[in-house]
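This report concerns only the one structure given below.
This is the structure in C-alpha coordinates:
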(Lines of atoms letter the chains of each structure in order from A and count residues from 1; the text may use other names and numbers.)
(Lines give C-alpha, C1' and ligand atoms only; values in the text may rest on other atoms or scores of the structure.)
Protein backbone atom coordinates (compact mmCIF):
# COMPACT_ATOMS: atom_id res chain seq x y z
CA UNK A 1 0.00 0.00 0.00
CA UNK A 2 1.57 3.29 -1.06
CA UNK A 3 0.33 6.85 -0.71
CA UNK A 4 1.70 9.87 -2.58
CA UNK A 5 3.03 12.67 -0.44
CA UNK A 6 3.69 10.66 2.70
CA UNK A 7 7.09 12.30 2.57
CA UNK A 8 5.39 15.70 2.50
CA UNK A 9 3.87 15.34 5.94
CA UNK A 10 5.94 17.40 8.29
CA UNK A 11 9.57 16.60 8.84
CA UNK A 12 9.87 16.93 12.60
CA UNK A 13 13.61 16.30 12.82
CA UNK A 14 14.13 19.42 10.70
CA UNK A 15 12.14 21.65 13.05
CA UNK A 16 14.33 24.49 14.36
CA UNK A 17 13.56 27.06 17.04
CA UNK A 18 13.36 30.48 15.40
CA UNK A 19 12.67 34.09 16.32
CA UNK A 20 10.81 36.16 13.67
CA UNK A 21 13.36 38.94 13.30
CA UNK A 22 16.33 36.57 13.49
CA UNK A 23 14.77 34.38 10.82
CA UNK A 24 14.38 37.26 8.37
CA UNK A 25 17.76 38.81 9.14
CA UNK A 26 19.60 35.55 8.44
CA UNK A 27 17.62 34.77 5.29
CA UNK A 28 17.74 38.20 3.70
CA UNK A 29 21.03 39.89 4.64
CA UNK A 30 22.60 39.60 1.17
CA UNK A 31 19.40 40.58 -0.63
CA UNK A 32 18.89 43.64 1.56
CA UNK A 33 22.39 44.81 0.61
CA UNK A 34 21.55 44.43 -3.09
CA UNK A 35 18.38 46.50 -2.59
CA UNK A 36 20.33 49.26 -0.86
CA UNK A 37 22.81 49.46 -3.75
CA UNK A 38 19.87 49.81 -6.17
CA UNK A 39 18.30 52.54 -4.04
CA UNK A 40 15.29 50.32 -3.29
CA UNK A 41 13.85 50.49 0.21
CA UNK A 42 13.64 47.08 1.91
CA UNK A 43 11.11 46.94 4.73
CA UNK A 44 10.36 44.21 7.25
CA UNK A 45 6.89 44.46 8.79
CA UNK A 46 6.43 42.22 11.86
CA UNK A 47 2.94 42.15 13.38
CA UNK A 48 2.66 42.52 17.15
CA UNK A 49 0.69 39.27 17.39
CA UNK A 50 3.70 37.11 16.49
CA UNK A 51 5.14 34.78 19.14
CA UNK A 52 8.62 35.44 20.48
CA UNK A 53 9.78 32.15 18.99
CA UNK A 54 8.40 29.08 17.23
CA UNK A 55 9.52 25.85 15.59
CA UNK A 56 9.49 25.25 11.82
CA UNK A 57 11.69 23.99 9.00
CA UNK A 58 14.26 26.78 8.84
CA UNK A 59 16.02 25.50 5.72
CA UNK A 60 12.90 25.38 3.56
CA UNK A 61 11.43 28.62 4.90
CA UNK A 62 14.60 30.67 4.44
CA UNK A 63 15.05 29.32 0.89
CA UNK A 64 11.52 30.40 -0.01
CA UNK A 65 11.80 33.86 1.53
CA UNK A 66 15.19 34.43 -0.07
CA UNK A 67 13.98 33.37 -3.53
CA UNK A 68 10.83 35.51 -3.38
CA UNK A 69 12.71 38.53 -2.03
CA UNK A 70 15.46 38.19 -4.63
CA UNK A 71 12.93 38.25 -7.46
CA UNK A 72 11.09 41.18 -5.88
CA UNK A 73 14.30 43.23 -5.74
CA UNK A 74 15.13 42.32 -9.35
CA UNK A 75 11.69 43.52 -10.51
CA UNK A 76 11.92 46.80 -8.61
CA UNK A 77 14.00 49.66 -10.01
CA UNK A 78 12.53 52.22 -7.63
CA UNK A 79 10.14 52.11 -4.73
CA UNK A 80 10.22 49.37 -2.14
CA UNK A 81 10.12 45.70 -1.23
CA UNK A 82 8.32 44.74 1.97
CA UNK A 83 8.08 41.45 3.81
CA UNK A 84 5.01 41.13 6.00
CA UNK A 85 4.83 38.49 8.71
CA UNK A 86 1.81 37.97 10.95
CA UNK A 87 -0.21 35.42 12.84
CA UNK A 88 -2.95 34.66 10.32
CA UNK A 89 -5.43 32.85 12.57
CA UNK A 90 -6.17 32.03 16.17
CA UNK A 91 -4.03 29.28 17.71
CA UNK A 92 -4.80 25.71 18.68
CA UNK A 93 -2.84 25.35 21.93
CA UNK A 94 0.60 24.83 20.51
CA UNK A 95 -0.08 25.12 16.78
CA UNK A 96 -0.20 28.52 15.12
CA UNK A 97 -0.54 29.50 11.46
CA UNK A 98 1.84 32.25 10.38
CA UNK A 99 1.33 34.22 7.16
CA UNK A 100 4.13 35.63 5.01
CA UNK A 101 3.77 38.12 2.17
CA UNK A 102 6.57 39.45 -0.06
CA UNK A 103 5.33 42.63 -1.71
CA UNK A 104 7.06 44.94 -4.19
CA UNK A 105 6.22 48.10 -6.14
CA UNK A 106 8.21 47.11 -9.23
CA UNK A 107 7.24 45.79 -12.63
CA UNK A 108 4.19 43.59 -12.26
CA UNK A 109 3.77 39.96 -13.26
CA UNK A 110 1.04 38.18 -15.19
CA UNK A 111 -1.11 36.59 -12.44
CA UNK A 112 -2.68 34.06 -14.79
CA UNK A 113 0.65 32.83 -16.13
CA UNK A 114 2.26 32.79 -12.69
CA UNK A 115 -0.68 30.80 -11.29
CA UNK A 116 0.21 28.00 -13.72
CA UNK A 117 3.84 28.10 -12.59
CA UNK A 118 2.75 27.84 -8.94
CA UNK A 119 0.22 25.05 -9.59
CA UNK A 120 2.08 21.84 -8.73
CA UNK A 121 -0.41 19.80 -10.74
CA UNK A 122 0.65 21.51 -13.99
CA UNK A 123 3.91 20.04 -15.39
CA UNK A 124 6.67 22.42 -16.41
CA UNK A 125 6.28 21.30 -20.03
CA UNK A 126 2.73 22.72 -20.06
CA UNK A 127 3.71 26.22 -18.92
CA UNK A 128 3.04 29.22 -21.17
CA UNK A 129 5.86 29.72 -23.69
CA UNK A 130 7.26 32.81 -21.98
CA UNK A 131 7.93 30.83 -18.78
CA UNK A 132 9.48 27.74 -20.40
CA UNK A 133 13.17 27.57 -19.52
CA UNK A 134 12.86 30.76 -17.46
CA UNK A 135 15.12 30.59 -14.37
CA UNK A 136 12.84 32.89 -12.38
CA UNK A 137 9.83 30.69 -13.15
CA UNK A 138 11.72 27.56 -12.11
CA UNK A 139 12.71 29.25 -8.83
CA UNK A 140 9.05 30.12 -8.20
CA UNK A 141 8.01 26.51 -8.86
CA UNK A 142 10.61 25.26 -6.39
CA UNK A 143 9.41 27.80 -3.83
CA UNK A 144 5.85 26.56 -4.33
CA UNK A 145 7.05 22.99 -3.82
CA UNK A 146 8.87 23.89 -0.59
CA UNK A 147 5.84 25.76 0.75
CA UNK A 148 3.72 22.71 -0.06
CA UNK A 149 6.14 20.53 1.90
CA UNK A 150 5.69 22.85 4.89
CA UNK A 151 1.91 22.52 4.75
CA UNK A 152 1.04 25.70 2.88
CA UNK A 153 0.25 27.02 -0.59
CA UNK A 154 2.15 29.76 -2.42
CA UNK A 155 -0.10 32.23 -4.26
CA UNK A 156 0.33 35.48 -6.19
CA UNK A 157 -1.62 38.70 -6.60
CA UNK A 158 -0.78 41.68 -8.83
CA UNK A 159 -2.67 44.99 -8.97
CA UNK A 160 -2.65 47.25 -12.06
CA UNK A 161 0.58 45.84 -13.43
CA UNK A 162 2.51 46.53 -10.24
CA UNK A 163 2.39 45.95 -6.47
CA UNK A 164 3.08 42.24 -6.84
CA UNK A 165 2.43 40.09 -3.77
CA UNK A 166 3.51 36.49 -3.20
CA UNK A 167 1.94 35.07 -0.04
CA UNK A 168 1.55 31.83 1.88
CA UNK A 169 0.54 30.56 5.32
CA UNK A 170 2.17 27.67 7.17
CA UNK A 171 1.50 26.02 10.54
CA UNK A 172 4.26 26.21 13.15
CA UNK A 173 4.75 24.81 16.62
CA UNK A 174 4.84 27.36 19.43
CA UNK A 175 7.63 27.40 21.97
CA UNK A 176 6.36 27.16 25.52
CA UNK A 177 3.72 29.47 27.00
CA UNK A 178 1.77 31.73 24.68
CA UNK A 179 2.34 35.44 24.99
CA UNK A 180 -0.57 37.72 25.93
CA UNK A 181 -0.78 38.98 22.36
CA UNK A 182 -1.70 35.47 21.19
CA UNK A 183 -4.61 35.03 23.59
CA UNK A 184 -6.84 37.14 21.34
CA UNK A 185 -7.75 36.62 17.66
CA UNK A 186 -4.88 37.61 15.41
CA UNK A 187 -5.13 40.87 13.51
CA UNK A 188 -3.79 41.04 9.98
CA UNK A 189 -0.76 43.19 9.33
CA UNK A 190 -2.48 44.14 6.07
CA UNK A 191 -5.43 42.96 4.02
CA UNK A 192 -3.18 41.07 1.66
CA UNK A 193 -1.58 38.97 4.39
CA UNK A 194 -4.62 38.17 6.45
CA UNK A 195 -6.95 37.04 3.71
CA UNK A 196 -4.98 34.48 1.67
CA UNK A 197 -6.33 31.71 1.94
CA UNK A 198 12.35 15.49 8.20
CA UNK A 199 11.14 13.12 10.11
CA UNK A 200 10.29 12.20 13.61
CA UNK A 201 12.62 10.04 15.57
CA UNK A 202 11.59 6.52 16.38
CA UNK A 203 11.16 7.48 20.02
CA UNK A 204 7.78 9.10 19.49
CA UNK A 205 5.11 6.80 20.78
CA UNK A 206 5.48 3.82 23.09
CA UNK A 207 5.94 1.22 20.36
CA UNK A 208 7.39 1.00 16.90
CA UNK A 209 5.02 0.48 13.98
CA UNK A 210 4.13 -3.18 13.52
CA UNK A 211 4.45 -3.12 9.73
CA UNK A 212 7.62 -2.95 7.67
CA UNK A 213 8.21 -1.15 4.41
CA UNK A 214 8.76 -2.73 1.02
CA UNK A 215 11.66 -0.73 -0.44
CA UNK A 216 13.12 -0.53 -3.95
CA UNK A 217 16.76 0.57 -4.03
CA UNK A 218 17.85 2.15 -7.33
CA UNK A 219 21.61 2.74 -7.60
CA UNK A 220 24.25 1.91 -10.21
CA UNK A 221 27.09 1.44 -7.68
CA UNK A 222 27.20 -2.13 -6.26
CA UNK A 223 28.75 -1.03 -2.97
CA UNK A 224 25.99 1.52 -2.39
CA UNK A 225 23.27 -1.04 -3.08
CA UNK A 226 24.89 -3.55 -0.75
CA UNK A 227 25.23 -1.01 2.07
CA UNK A 228 21.62 0.16 1.83
CA UNK A 229 20.39 -3.45 1.61
CA UNK A 230 22.21 -4.30 4.86
CA UNK A 231 20.82 -1.22 6.62
CA UNK A 232 17.27 -2.00 5.49
CA UNK A 233 17.54 -5.62 6.62
CA UNK A 234 18.71 -4.56 10.08
CA UNK A 235 15.74 -2.18 10.30
CA UNK A 236 13.33 -4.98 9.44
CA UNK A 237 12.41 -3.77 5.95
CA UNK A 238 12.21 -5.79 2.74
CA UNK A 239 14.29 -4.61 -0.21
CA UNK A 240 14.66 -5.15 -3.95
CA UNK A 241 17.67 -3.87 -5.89
CA UNK A 242 18.05 -2.51 -9.44
CA UNK A 243 20.99 -0.81 -11.16
CA UNK A 244 19.44 2.06 -13.15
CA UNK A 245 16.31 4.08 -13.75
CA UNK A 246 15.07 2.01 -16.66
CA UNK A 247 15.14 -1.18 -14.59
CA UNK A 248 13.23 0.67 -11.85
CA UNK A 249 10.55 1.84 -14.30
CA UNK A 250 10.05 -1.67 -15.67
CA UNK A 251 9.90 -3.29 -12.22
CA UNK A 252 7.46 -0.64 -10.97
CA UNK A 253 5.03 -1.67 -13.70
CA UNK A 254 4.92 -5.20 -12.23
CA UNK A 255 5.44 -4.76 -8.50
CA UNK A 256 4.25 -2.27 -5.90
CA UNK A 257 6.57 -0.68 -3.33
CA UNK A 258 6.01 1.52 -0.29
CA UNK A 259 9.26 3.44 -0.75
CA UNK A 260 11.74 3.97 -3.58
CA UNK A 261 15.29 5.08 -2.75
CA UNK A 262 16.28 6.68 -6.05
CA UNK A 263 19.83 7.64 -6.99
CA UNK A 264 19.89 10.67 -9.30
CA UNK A 265 23.06 10.24 -11.37
CA UNK A 266 22.89 6.86 -13.20
CA UNK A 267 23.65 5.53 -16.70
CA UNK A 268 20.97 4.28 -19.13
CA UNK A 269 18.27 6.34 -17.39
CA UNK A 270 18.85 8.79 -14.55
CA UNK A 271 16.73 9.04 -11.43
CA UNK A 272 14.86 12.17 -12.53
CA UNK A 273 13.49 10.64 -15.73
CA UNK A 274 12.74 7.39 -13.90
CA UNK A 275 10.77 9.30 -11.27
CA UNK A 276 8.75 11.12 -13.94
CA UNK A 277 7.84 7.87 -15.68
CA UNK A 278 6.98 6.09 -12.42
CA UNK A 279 4.73 8.99 -11.42
CA UNK A 280 3.02 8.94 -14.83
CA UNK A 281 1.84 5.32 -14.87
CA UNK A 282 2.11 1.92 -13.26
CA UNK A 283 1.63 0.56 -9.77
CA UNK A 284 3.77 3.13 -7.95
CA UNK A 285 2.38 6.51 -9.00
CA UNK A 286 1.63 7.27 -5.34
CA UNK A 287 4.55 5.52 -3.65
CA UNK A 288 6.98 7.60 -1.63
CA UNK A 289 10.14 8.36 -3.62
CA UNK A 290 13.23 9.54 -1.75
CA UNK A 291 16.02 10.91 -3.94
CA UNK A 292 19.59 10.06 -2.96
CA UNK A 293 21.52 13.21 -3.85
CA UNK A 294 25.08 14.47 -3.57
CA UNK A 295 25.58 15.98 -0.13
CA UNK A 296 24.79 19.70 -0.05
CA UNK A 297 23.86 19.88 -3.75
CA UNK A 298 20.73 22.06 -3.65
CA UNK A 299 20.28 22.01 -7.42
CA UNK A 300 19.98 18.21 -7.34
CA UNK A 301 17.45 18.45 -4.52
CA UNK A 302 15.32 21.01 -6.40
CA UNK A 303 15.45 18.96 -9.59
CA UNK A 304 14.43 15.82 -7.67
CA UNK A 305 11.47 17.51 -6.00
CA UNK A 306 10.32 18.96 -9.29
CA UNK A 307 10.54 15.54 -10.98
CA UNK A 308 8.16 14.14 -8.39
CA UNK A 309 10.30 12.96 -5.48
CA UNK A 310 8.83 13.48 -2.01
CA UNK A 311 12.04 13.90 -0.06
CA UNK A 312 15.84 13.84 -0.39
CA UNK A 313 18.56 11.91 1.40
CA UNK A 314 22.19 13.04 1.01
CA UNK A 315 24.88 10.54 0.06
CA UNK A 316 26.74 8.80 1.54
CA UNK A 317 23.63 7.42 3.24
CA UNK A 318 23.56 8.02 6.98
CA UNK A 319 21.99 5.12 8.91
CA UNK A 320 20.19 7.29 11.46
CA UNK A 321 18.73 9.65 8.85
CA UNK A 322 17.51 6.75 6.73
CA UNK A 323 16.04 5.02 9.77
CA UNK A 324 14.14 8.15 10.86
CA UNK A 325 12.71 8.74 7.39
CA UNK A 326 11.57 5.14 7.01
CA UNK A 327 10.20 5.02 10.57
CA UNK A 328 7.96 7.95 9.80
CA UNK A 329 6.77 6.53 6.47
CA UNK A 330 6.02 3.15 8.05
CA UNK A 331 4.13 4.81 10.92
CA UNK A 332 2.01 6.73 8.42
CA UNK A 333 1.39 3.62 6.33
CA UNK A 334 0.17 1.81 9.41
CA UNK A 335 -2.25 4.60 10.32
CA UNK A 336 -3.60 4.76 6.77
CA UNK A 337 -3.99 0.99 6.71
CA UNK A 338 -5.85 1.07 10.04
CA UNK A 339 -8.15 3.79 8.72
CA UNK A 340 -9.00 1.81 5.58
CA UNK A 341 -9.73 -1.25 7.75
CA UNK A 342 -12.24 0.73 9.83
CA UNK A 343 -10.09 0.69 12.97
CA UNK A 344 -9.73 3.49 15.49
CA UNK A 345 -7.22 6.15 14.51
CA UNK A 346 -4.45 7.33 16.83
CA UNK A 347 -1.66 9.82 16.15
CA UNK A 348 1.64 8.09 15.45
CA UNK A 349 3.33 10.86 17.47
CA UNK A 350 1.51 9.84 20.67
CA UNK A 351 4.01 9.50 23.50
CA UNK A 352 6.25 12.33 22.31
CA UNK A 353 5.92 15.03 25.02
CA UNK A 354 6.85 17.78 22.53
CA UNK A 355 3.71 17.09 20.49
CA UNK A 356 1.27 15.63 23.02
CA UNK A 357 -0.54 18.92 23.60
CA UNK A 358 -0.87 19.50 19.86
CA UNK A 359 -2.31 16.00 19.45
CA UNK A 360 -4.81 16.46 22.26
CA UNK A 361 -5.93 19.81 20.87
CA UNK A 362 -6.32 18.42 17.35
CA UNK A 363 -8.49 15.54 18.57
CA UNK A 364 -10.55 17.84 20.80
CA UNK A 365 -11.21 20.35 18.01
CA UNK A 366 -11.63 17.84 15.19
CA UNK A 367 -15.43 17.34 15.51
CA UNK A 368 -16.00 21.09 15.25
CA UNK A 369 -13.62 21.41 12.26
CA UNK A 370 -15.35 18.59 10.40
CA UNK A 371 -18.75 20.06 11.25
CA UNK A 372 -17.67 23.42 9.79
CA UNK A 373 -16.49 21.65 6.63
CA UNK A 374 -19.84 19.90 6.39
CA UNK A 375 -21.75 23.18 6.82
CA UNK A 376 -19.64 24.93 4.18
CA UNK A 377 -20.45 22.13 1.72
CA UNK A 378 -24.16 22.22 2.54
CA UNK A 379 -24.20 25.99 1.91
CA UNK A 380 -22.48 25.48 -1.44
CA UNK A 381 -19.67 27.84 -0.39
CA UNK A 382 -16.77 26.16 -2.21
CA UNK A 383 -14.31 28.96 -1.41
CA UNK A 384 -14.90 28.63 2.34
CA UNK A 385 -14.89 24.85 2.01
CA UNK A 386 -11.51 24.91 0.26
CA UNK A 387 -10.07 27.18 2.97
CA UNK A 388 -11.24 24.92 5.80
CA UNK A 389 -10.07 21.76 4.07
CA UNK A 390 -6.64 23.29 3.44
CA UNK A 391 -6.31 24.17 7.14
CA UNK A 392 -7.19 20.59 8.10
CA UNK A 393 -4.53 19.27 5.74
CA UNK A 394 -1.73 21.15 7.47
CA UNK A 395 -2.91 20.59 11.03
CA UNK A 396 -3.42 16.87 10.48
CA UNK A 397 0.14 16.45 9.33
CA UNK A 398 1.52 18.42 12.26
CA UNK A 399 -0.36 16.36 14.86
CA UNK A 400 0.61 12.99 13.39
CA UNK A 401 -2.63 12.26 11.51
CA UNK A 402 -1.58 11.77 7.86
CA UNK A 403 -4.94 10.16 7.12
CA UNK A 404 -6.56 13.62 7.40
CA UNK A 405 -3.78 15.22 5.37
CA UNK A 406 -4.35 12.73 2.55
CA UNK A 407 -8.15 12.98 2.64
CA UNK A 408 -7.97 16.77 2.68
CA UNK A 409 -5.58 16.81 -0.28
CA UNK A 410 -7.96 14.62 -2.31
CA UNK A 411 -10.85 16.91 -1.35
CA UNK A 412 -8.90 19.97 -2.50
CA UNK A 413 -8.45 18.37 -5.91
CA UNK A 414 -12.16 17.54 -6.14
CA UNK A 415 -13.17 21.07 -5.12
CA UNK A 416 -10.77 22.56 -7.67
CA UNK A 417 -12.29 20.35 -10.39
CA UNK A 418 -15.82 21.23 -9.19
CA UNK A 419 -16.63 17.52 -8.76
CA UNK A 420 -19.48 18.06 -6.33
CA UNK A 421 -20.61 14.43 -6.10
CA UNK A 422 -17.11 13.36 -5.09
CA UNK A 423 -16.92 16.15 -2.53
CA UNK A 424 -20.14 14.98 -0.88
CA UNK A 425 -18.79 11.44 -0.51
CA UNK A 426 -15.48 12.79 0.82
CA UNK A 427 -17.26 14.92 3.44
CA UNK A 428 -19.10 11.78 4.59
CA UNK A 429 -15.76 9.93 4.82
CA UNK A 430 -14.32 12.75 6.95
CA UNK A 431 -17.26 12.47 9.36
CA UNK A 432 -16.65 8.74 9.77
CA UNK A 433 -12.91 9.24 10.27
CA UNK A 434 -13.63 11.88 12.88
CA UNK A 435 -15.81 9.46 14.87
CA UNK A 436 -12.97 6.91 14.97
CA UNK A 437 -10.18 9.35 15.90
CA UNK A 438 -9.08 8.95 19.51
CA UNK A 439 -6.32 9.63 21.97
CA UNK A 440 -4.47 6.47 22.93
CA UNK A 441 -5.91 6.55 26.45
CA UNK A 442 -9.47 6.67 25.08
CA UNK A 443 -9.25 3.42 23.15
CA UNK A 444 -11.25 0.63 24.71
CA UNK A 445 -9.47 -2.69 24.74
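In this note's numbering, the protein residues as written are 3 to 447.
The C-beta atom is built at its ideal place from N, Cα and C for all residues, glycine as well.
Collapsed DSSP secondary structure at residue i in the structure displayed
{"i": "residue 208", "result": "Low confidence applies to residue 208: its pLDDT is 37, below 50, so where it sits in the model is not reliable, and the reading given next is rough at best. In the structure shown, residue 208 sits in coil (DSSP, three-state: anything other than H, G, I, E or B)."}
{"i": "residue 35", "result": "helix"}
{"i": "residue 159", "result": "strand"}
{"i": "residue 87", "result": "strand"}
{"i": "residue 195", "result": "Residue confidence for residue 195 is low, a pLDDT of 32 falling below 50, so the modelled location carries little weight and cannot support an answer."}
{"i": "residue 271", "result": "coil"}
{"i": "residue 165", "result": "strand"}
{"i": "residue 362", "result": "helix"}
{"i": "residue 231", "result": "helix"}
{"i": "residue 367", "result": "helix"}
{"i": "residue 175", "result": "strand"}
{"i": "residue 311", "result": "coil"}
{"i": "residue 357", "result": "coil"}
{"i": "residue 28", "result": "helix"}
{"i": "residue 349", "result": "coil"}
{"i": "residue 79", "result": "coil"}
Residue burial classification, residue i (beta-carbon count within 10 angstroms, cutoff 16)
{"i": "residue 239", "result": "buried"}
{"i": "residue 387", "result": "buried"}
{"i": "residue 105", "result": "buried"}
{"i": "residue 182", "result": "Note that residue 182 scores 39 on pLDDT, short of 50, meaning its location in the model is unreliable and no value can be drawn from it."}
{"i": "residue 312", "result": "buried"}
{"i": "residue 265", "result": "buried"}
{"i": "residue 38", "result": "exposed"}
{"i": "residue 223", "result": "exposed"}
{"i": "residue 161", "result": "exposed"}
{"i": "residue 398", "result": "buried"}
{"i": "residue 347", "result": "buried"}
{"i": "residue 270", "result": "exposed"}
{"i": "residue 173", "result": "buried"}
{"i": "residue 71", "result": "buried"}
{"i": "residue 191", "result": "Any reading at residue 191 is ruled out, since the residue's pLDDT is 30, under 50, leaving its predicted position unreliable."}
{"i": "residue 334", "result": "buried"}
{"i": "residue 277", "result": "buried"}
Sequence-distant residues of its chain with Cβ nearer than 7 Å to residue i (five each side left out)
{"i": "residue 21", "result": "54, 55"}
{"i": "residue 275", "result": "247"}
{"i": "residue 5", "result": "Here the model assigns residue 5 a pLDDT of 36, short of 50, so the residue's position is not dependable, and the following value carries that caveat. Cβ neighbours of residue 5 beyond the five flanking positions: 288, 338, 408."}
{"i": "residue 231", "result": "219, 241, 243"}
{"i": "residue 138", "result": "73"}
{"i": "residue 380", "result": "none"}
{"i": "residue 442", "result": "348, 352"}
{"i": "residue 107", "result": "78, 81, 82, 164, 165"}
{"i": "residue 113", "result": "158, 159, 160"}
Sub-9 Å separation of residue i and residue j beta-carbons
{"i": "residue 244", "j": "residue 220", "result": "yes"}
{"i": "residue 65", "j": "residue 156", "result": "no"}
{"i": "residue 140", "j": "residue 126", "result": "yes"}
{"i": "residue 144", "j": "residue 69", "result": "yes"}
{"i": "residue 410", "j": "residue 392", "result": "yes"}
{"i": "residue 358", "j": "residue 366", "result": "no"}
{"i": "residue 376", "j": "residue 435", "result": "no"}
{"i": "residue 46", "j": "residue 100", "result": "no"}
{"i": "residue 44", "j": "residue 67", "result": "no"}
{"i": "residue 87", "j": "residue 48", "result": "yes"}
{"i": "residue 331", "j": "residue 260", "result": "yes"}
{"i": "residue 360", "j": "residue 400", "result": "yes"}
Of the listed residues the options, nearest to residue i (C-alpha basis)
{"i": "residue 310", "options": "326, 291, 328", "result": "291"}
{"i": "residue 418", "options": "121, 160, 357, 266", "result": "121"}
{"i": "residue 236", "options": "137, 334, 407, 324", "result": "324"}
{"i": "residue 116", "options": "107, 108, 109, 130", "result": "130"}
{"i": "residue 294", "options": "282, 283, 327", "result": "327"}
{"i": "residue 62", "options": "421, 25, 97, 256", "result": "25"}
{"i": "residue 83", "options": "89, 40, 51", "result": "40"}
{"i": "residue 449", "options": "225, 98, 87, 76", "result": "The question about residue 449 has no answer, for the chain in this structure spans 3 to 447."}
{"i": "residue 321", "options": "229, 282, 371", "result": "229"}
{"i": "residue 23", "options": "36, 35, 50, 42", "result": "50"}
{"i": "residue 28", "options": "52, 60, 36, 401", "result": "60"}
{"i": "residue 150", "options": "215, 302, 307, 341", "result": "307"}
{"i": "residue 272", "options": "42, 318, 89, 302", "result": "302"}
{"i": "residue 319", "options": "360, 362, 234, 403", "result": "234"}
{"i": "residue 57", "options": "42, 35, 98", "result": "98"}
{"i": "residue 336", "options": "267, 34, 214", "result": "214"}
{"i": "residue 316", "options": "329, 284, 267", "result": "267"}
Cβ-based neighbour list, residue i, same chain, cut-off 8 Å, excluding 5 preceding and 5 following
{"i": "residue 344", "result": "438"}
{"i": "residue 280", "result": "250, 251, 254, 262, 286, 287, 289, 291, 310"}
{"i": "residue 395", "result": "153, 406, 407, 410, 411, 414"}
{"i": "residue 428", "result": "409, 412, 413, 416"}
{"i": "residue 227", "result": "219, 221, 243, 245"}
Beta-carbon contacts of residue i that lie in its chain and below 6 Å, excluding the five residues immediately before and after
{"i": "residue 384", "result": "417"}
{"i": "residue 167", "result": "103, 105, 159, 194"}
CB contact below 9 Å: residue i versus chain D
{"i": "residue 327", "result": "Here chain D cannot be found, since the structure has a single protein chain."}
Distance cut-off 8 Å: residue i Cβ against heavy atoms of the ligand PLP
{"i": "residue 406", "result": "This structure simply doesn't include the ligand PLP, nor any ligand for that matter."}
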